[in-house]
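Q: Line order of the protein sequences matches chains A, B and C.
Start counting the first sequence at 822; every next residue gets the next number (the numbering used here).
Start counting the second sequence at 369; every next residue gets the next number (the numbering used here).
Start counting the third sequence at 82; every next residue gets the next number (the numbering used here).
For every residue, glycine included, the Cβ atom is placed at its ideal position computed from N, Cα and C.
Bear in mind the structure is a predicted one, so any value in this text is a computation, not a measurement.
Below: one structure in structure tokens.
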Amino acid sequence: MTVETKMNTAQIPDEKFRILGINEDESEKLARKRVGYWADAWRRFKQNKIALAAGILLLILIFFIIFGPAISGYNYEAMDQSAINQLPSAEHWFGTDTLGRDLFARVWQGGRISIIIGLVAAAVSSIIGSIYGGIAAYFGGTVDDIMMRIVEILLSIPYLLVVILISVFTDSKSLGTMLVALTLTGWCGIARIVRGQMLQLKSQEFVLAANALGVSPMKIIMKHMIPNTLSLIIVAITFDIPGYIFSEAFLSYVGLGIQSPQTSWGALASSAQDKFMFYPYQLFFPALMIALTMLAFTLMGDGLRDALDPKQRK
Amino acid sequence: MRKKLVAVLLAGAMALTLAACGGGGEKQVSASAGKTVDGNVLDDEQTYNTYLQSEPTTLDSVKGNDTYGWSILVNIMEPLTRVEDQDGKDVRVPAGAESWESNEDGSVWTFHLRDNKWADGQDVTAEDYAYGIRQALDPNSGSLNGYLITCIKNGAAVNSGEMDASELGVKVIDDKTLEITLENPTPYFISLTDTRAMLPMRQDIVEQYGDTYGAEATNIVGNGPFKVDTWTHNSEIILKKNENYWNAENVYLDTVNFKIINDESALYNSFDNGSIDSVSVGSTEWEQRFDSKQDVERKDFNSTGIRFHFYNTQDPLFQNENIRKAFSAAIDRDDVIQTIFQGFHTPYAAWVPQPVSIGDLGNYREIAGDMEDTISGDPKELLLKGMEELGLGNDPSTLTVTFTLGGTTQWLKTYGEYFQQVFHDKLGVNVVVDQNEWGTFQSKTNSGDYQMAYMVWTIDYNDPYSMLEVMKSTAGSVPTFWTNEEYDELLNQASVEMDDQKRAELMKEAEHLMLSEAPICPVINEATVRYSYSYLKNLSNSPFDTMGAQRVYISGK
Amino acid sequence: MKKFIARRIVYMLFTLFVITAATFFLMHSIPGDPLSYMARNLPEQTRANYYAKYGLDKPVFDQFVIFLKGLLTEGSLGESLRYPGRDVTQSLFTYSSVSVVPGGLALLLGLIIGVLLGIVAALHKNKWPDYIVMFIAILGITVPVFVLASLLQYIFSVHFQLLPTTGWGKPENIILPVACLCLSPIATYARYVKSNMLDVMSQDYILTAEAKGVSGFNVIRKHVLRNAFLPCITLLGGQISGIFTGSFVVEKIFGIPGLGFYFISSINDRDYTMIIGTTVFAAALFVFAQLIIDIAYSLLDPRIRVQ
Chain A
822 MTVETKMNTA QIPDEKFRIL GINEDESEKL ARKRVGYWAD AWRRFKQNKI ALAAGILLLI
882 LIFFIIFGPA ISGYNYEAMD QSAINQLPSA EHWFGTDTLG RDLFARVWQG GRISIIIGLV
942 AAAVSSIIGS IYGGIAAYFG GTVDDIMMRI VEILLSIPYL LVVILISVFT DSKSLGTMLV
1002 ALTLTGWCGI ARIVRGQMLQ LKSQEFVLAA NALGVSPMKI IMKHMIPNTL SLIIVAITFD
1062 IPGYIFSEAF LSYVGLGIQS PQTSWGALAS SAQDKFMFYP YQLFFPALMI ALTMLAFTLM
1122 GDGLRDALDP KQRK
Chain B
369 MRKKLVAVLL AGAMALTLAA CGGGGEKQVS ASAGKTVDGN VLDDEQTYNT YLQSEPTTLD
429 SVKGNDTYGW SILVNIMEPL TRVEDQDGKD VRVPAGAESW ESNEDGSVWT FHLRDNKWAD
489 GQDVTAEDYA YGIRQALDPN SGSLNGYLIT CIKNGAAVNS GEMDASELGV KVIDDKTLEI
549 TLENPTPYFI SLTDTRAMLP MRQDIVEQYG DTYGAEATNI VGNGPFKVDT WTHNSEIILK
609 KNENYWNAEN VYLDTVNFKI INDESALYNS FDNGSIDSVS VGSTEWEQRF DSKQDVERKD
669 FNSTGIRFHF YNTQDPLFQN ENIRKAFSAA IDRDDVIQTI FQGFHTPYAA WVPQPVSIGD
729 LGNYREIAGD MEDTISGDPK ELLLKGMEEL GLGNDPSTLT VTFTLGGTTQ WLKTYGEYFQ
789 QVFHDKLGVN VVVDQNEWGT FQSKTNSGDY QMAYMVWTID YNDPYSMLEV MKSTAGSVPT
849 FWTNEEYDEL LNQASVEMDD QKRAELMKEA EHLMLSEAPI CPVINEATVR YSYSYLKNLS
909 NSPFDTMGAQ RVYISGK
Chain C
82 MKKFIARRIV YMLFTLFVIT AATFFLMHSI PGDPLSYMAR NLPEQTRANY YAKYGLDKPV
142 FDQFVIFLKG LLTEGSLGES LRYPGRDVTQ SLFTYSSVSV VPGGLALLLG LIIGVLLGIV
202 AALHKNKWPD YIVMFIAILG ITVPVFVLAS LLQYIFSVHF QLLPTTGWGK PENIILPVAC
262 LCLSPIATYA RYVKSNMLDV MSQDYILTAE AKGVSGFNVI RKHVLRNAFL PCITLLGGQI
322 SGIFTGSFVV EKIFGIPGLG FYFISSINDR DYTMIIGTTV FAAALFVFAQ LIIDIAYSLL
382 DPRIRVQ
């Protein structure tokens, strides 16, 4: 905390002085009210118009994912032989697939699976990954060596083998199985990034100071090191969410993905791939949804990064 | 930093230039240029660009078992006989053997070899063919094809290691005469002479290269119309004309390029832009696209693959014949083909593929009939009857059936989803689709851990027996666990009956019997639509043709 | 430093052993066998002969011991089961030397473009160059590679007929694969570099440098870039092994005879020796790259001391 205050005084830019001068009443108020870390972050996030827009886009997507299948008026698994491979129309907004199923319903139904997989897997693996990476970096030495060797082992065992084994072992390809399969090694990447960053932080003055004051290691990791690594973690998460959506698509592609009649964006996209020259719209809509989700998470992530970064508190 | 950047950029540019040096190529004028065949004048360049959809595992004829390797082997090896498509009829023609005869009951066959040379100039002898057969049956050679020729005297015993190869019924009379004695009279024996199990092999070459025989272009010597020039694994196999071949003057092509293209759209794109000269198409969209292409010829034929469902007759539910029949009767084959394949392929209720012929009698299917009468009745009634017999009540919605699929392609997923819906609509049962990758599928079905599954079976050689044998009680090839003594007996008779007419009757009866008990349910006879540019002449039109590319030529490219 | 490297190499060998053992027993516990690549069941006798020939009839533990013996005494990973007669070690070198051409060029291109874009975006934060760069970066990873590859192939090979569809050996064969492969590194580096630069630019020592009157350009060059690159080294280390191991999708679509194809196909084919071979190869590269990264870190960043 002491360091942050010091930095604040050091970094107050010229504009602030001017604003104070112009409106004395407001400045009095601001000066009296203590702005906490989270409140300050939220204030800065709100100022970022693009991040806000991304957030709204995400809300719209989530709205459709929840209500879309109902709005479409079709059952996502109902086949209609009289309406095979139809172009988007007033009846079928996104067209129909090779079995005559309504794509509008399918895209949103698939979105449920994809978004859940993306969010949950990214959340779980970034939590595990940052704690693991943090511990490794903080203790260093032998602990770090052993922990990083475990990560190397996990990352090196062929992923498909593990997935096949899990699906045979649990005899299911449910959402839960999928999440286990995806997160089992998914956290390793974040662990490595976090460790790399924290090795740098570890030797910085504020950590040394905390150490000298006798703060517990866990507290140092959670309170000082992780917040200072947040920007990197957030960037990694925004890569990870679509990454997991794609991983699930790849698994669908090799027949190990989510089980029929359930579907996902990835599954829809890969099933449309081999005939995309003939029915481009079947690929376009799921791909667009993936792209929009990705865009929203990325822009929001950038906004969050700026807002949460203690070094950028101005 | 800037210096480093420049260095890095330079390195990249150098790598590109280096890569660029590999290019270049010259046009060669073929020796057969200017010749006239069937009124067509041959082009200067006689190169046929074709494809394989997967890398051959090996060119060792006995260790491999895949169709890709076979496509190469028919071109580089000379079997005793070949099948030639002559105006739509499959005719067995002399190849390595000039002539052959059998004794009266068909248990001893004598082949008279013609003068032919290996690609390295050595004479081809009867011993080379005998060695190939011994290798195929040798339990230590890693052969996957011995089972095809266990009809040869002591073949099964040699293959299991109980007997020495010297006791095999294969005798080299002299350099040009090979005598083969069979365990029993085997009417279809001649059909085995152009399979992997009976191709010639050079003992000295096989021993020289040991385990690596056939693994690289340089590690094999052939005696067929072409020889392997280069083999870039998983990319391309280039064959060149073999000047030592006995019929070399009637081989027109100088070069055959087999491009290995794993991806389906890449394959069609390659044909579309002329990188390959012909392609077989499996979907309506591409069919329409190529139909509208200029200077392209189309040829439709039924191939020899049967797509079928099979039931686990040891499953508590599918042990009941009426239940099996209900699931078979619920299938509307025309609708399957319309919905899933947009009209592609042929609806098919029989087990022996449509193009198969029987001896000299001609097409087997025309003799045996379409077998549509083997399953009849209302599917729902059959189901309820079966449920009653099993004491399961009369509410189909209490049943949940697993439909096990092996394979990871998208259309198979669609196939599963389609039947999930169809069985639900027509029978009122719930269906779970269990899609596995192939290894898991095989393991599950073989151990009986399934209820109903889907598979494709492609015939081994051109005789109905090859297909019917698969369903024998002892075969275990399709794990239905179905056994029927009468069926086995009919097939045993058919396997030794020398009269084609009588054999046809026996096999027809067996096929009908088997389909009526519904351990399996054939759905589709695979069809192929082949497109080729019109400069490509003399392609074979039969799935059983084993002439390779030796008749093909280029005219007017 | 020497002691550090020696210790790490010992760790490395141990890690590789654990990876090998784990993969060996995992792959033998998934259903199927090396004959399952075939579309059908072979007769029992044929299967038994095959098993005996390749030692698959022995208990898994014995097979592991035999494998280890072969590896340690002859340095041999054995013979491929799917492709009889092909030595796995030999295959790994042949195929990876193919993969490295498009993979290396793509990474190089991706790194250069990505870093440049990242710098541009960071220097113009929240202005239009930033938005354009980030938009490009995002686009590059929102389209699945298999879609992009098919799309490029269709446009350039079929529609305009400028480039070959598939094949290997000519320079024009690698253009499309490189284009497909470099998008992901561009996006990754652009975003990481931007993010790191912004971090570094708000640090005290930059302010100090600015306050001391060092010109903007020199601050960026001397302080910001150097520190912003550090986390990229971690990324690069992960990707270096990737250029040898290739890409399944791109190799499949463009018919490149590289190693990437075998990572997936060996598992589908249950080609046990090839699974182990590819795994050990990739793991060795990866683990070795980790060591290099750690050394590079300590050389580039004075604050990290190797203990």
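Quick one: give me the first and last residue of the beta strand (DSSP E) that Y679(B) is part of.
A: 664-679
Q: Which bits of chain C does H713(B) rub up against, with CB to CB less than 8 Å?
A: Ordered by position in chain C, no residue passes the 8 Å Cβ test against H713(B), which lies about 17 Å from the chain.
Q: Nearest by alpha-carbon distance to S910(B): which of V409(B), G924(B), N731(B), P747(B) is it?
A: The shortest Cα separation from S910(B) among V409(B), G924(B), N731(B), P747(B) belongs to N731(B).
Q: 9 Å is my cut-off, CB to CB: does T742(B) come that close to chain A?
A: no
Q: Taking DSSP's pairing of strands, which residues face V459(B) in a bridge?
A: Bridge partners of V459(B): E452(B).
Q: Output needed for L244(C): all residues of its chain with C-beta closer than 7 Å, excluding positions within five of it in sequence on either side, in chain order.
A: Excluding positions up to five away in sequence, the list reads F237, S238, E253, I256, L257.
Q: For the beta strand (DSSP E) holding V359(B), just list the boundary residues, first then last.
A: For residue 359(B) there is no data in the structure shown, the boundaries of chain B being 369 and 925.
Q: Identify the contact partners of T808(B) in chain C, using a Cβ-Cβ distance below 9 Å as the criterion.
A: Taking the beta carbon of T808(B) as reference, the chain C residues within 9 Å of it are I111, P112, G113, S117, listed in sequence order.
Q: For S470(B), list the residues DSSP reports as bridge partners.
A: W477(B)
Q: Are the C-beta atoms of A133(C) and some chain B residue less than 9 Å apart?
A: yes
Q: Tell me where the beta strand (DSSP E) around P890(B) begins and ends.
A: 888-901
Q: F771(B) lies in the beta strand (DSSP E); which residues open and close that run?
A: 768-774
Q: Under 8 Å, with one C-beta from each stretch per pair, do the segment 671-686 of chain B and the segment 872-889 of chain B reach the 3-pair mark?
A: Yes, they touch.
Q: Opposite K994(A) in the DSSP bridges: which residues?
A: K994(A) pairs with nothing; no bridge assigned.
Q: Report the three-state DSSP secondary structure of G390(B) (helix, strand or coil).
A: Low confidence applies to G390(B): its pLDDT is 39, below 50, so where it sits in the model is not reliable, and the reading given next is rough at best. DSSP places G390(B) in coil when its eight states are reduced to three.
Q: For F626(B), which of helix, strand or coil comes out of DSSP?
A: Strand at F626(B).
Q: Looking only at its chain, what residues have a beta carbon closer than 6 Å to the beta carbon of S935(A), apart from the 5 residues adjacent to it on each side?
A: I1066, S1085, W1086
Q: Against V300(C), what residues of chain A qualify as contacts under a CB-to-CB distance less than 7 Å, listed in chain order?
A: Per Cβ cutoff of 7 Å: no residues; V300(C) is ~16 Å from chain A at best.
Q: Once you ignore the five residues that flank S157(C) on each side, which residues in its own chain have a CB closer than 7 Å to its CB?
A: G151, T170
Q: In terms of residue numbering, what span does the alpha helix (DSSP H) encompassing I949(A) cover?
A: 924-960
Q: How many Å lie between G136(C) and Q144(C) at the Cα?
A: 7 Å
Q: Measure the Cβ-Cβ separation of G318(C) and F344(C) and say whether it is below 9 Å.
A: no
Q: On the DSSP bridge list, what partners appear for V405(B)?
A: N408(B)
Q: Touch check for the segment 785-795 of chain B and the segment 723-742 of chain B: three-plus C-beta pairs under 8 Å?
A: Three or more Cβ pairs closer than 8 Å define a contact, and the segment 785-795 of chain B falls short of that threshold against the segment 723-742 of chain B.
Q: Whole angstroms are fine: how far does the CA of E632(B) sit from the CA of D1095(A)?
A: Taking the CA atoms as reference points, D1095(A) sits about 8 Å from E632(B).
Q: Can the beta-carbon of R450(B) be found less than 9 Å from the beta-carbon of D562(B)?
A: yes
Q: Between A401(B) and the rest of its own chain, which residues show a CB-CB distance below 6 Å, the 5 nearest in sequence each way excluded?
A: L410, D412
Q: Does the segment 967-984 of chain A come close enough to the segment 1105-1118 of chain A to have 3 or more Cβ pairs within less than 8 Å?
A: no
Q: Starting from W806(B), follow the alpha helix (DSSP H) in both directions and report where the run begins and ends.
A: 806-814
Q: Where does S296(C) fall in DSSP's three states?
A: coil
Q: If you drop the 5 nearest sequence neighbours on each side, which residues of the same chain put their C-beta closer than 8 Å to that of L851(A)?
A: Interpretation of L851(A) is limited by its pLDDT of 49, a score under 50 that renders its predicted location unreliable; no figure is taken from the coordinates.
Q: Quick one: is the Cβ of A1108(A) within less than 8 Å of any heavy atom of the ligand NAP?
A: With respect to small molecules bound, the structure shown includes none, and the ligand NAP cannot be examined in it.
Q: Establish whether the CB of G413(C) and some CB of chain A are separated by less than 9 Å.
A: Chain C is shown only over 82 to 388; residue 413(C) falls outside these bounds and no answer can be derived.
Q: Is there at least one Cβ from chain C nearer than 9 Å to F1106(A)'s Cβ?
A: no
Q: Between the alpha carbons of V920(B) and G456(B), how many angstroms are there, rounded?
A: 16 Å
Q: Going by the CB atoms, is the gap between R564(B) and A504(B) shorter than 9 Å?
A: yes
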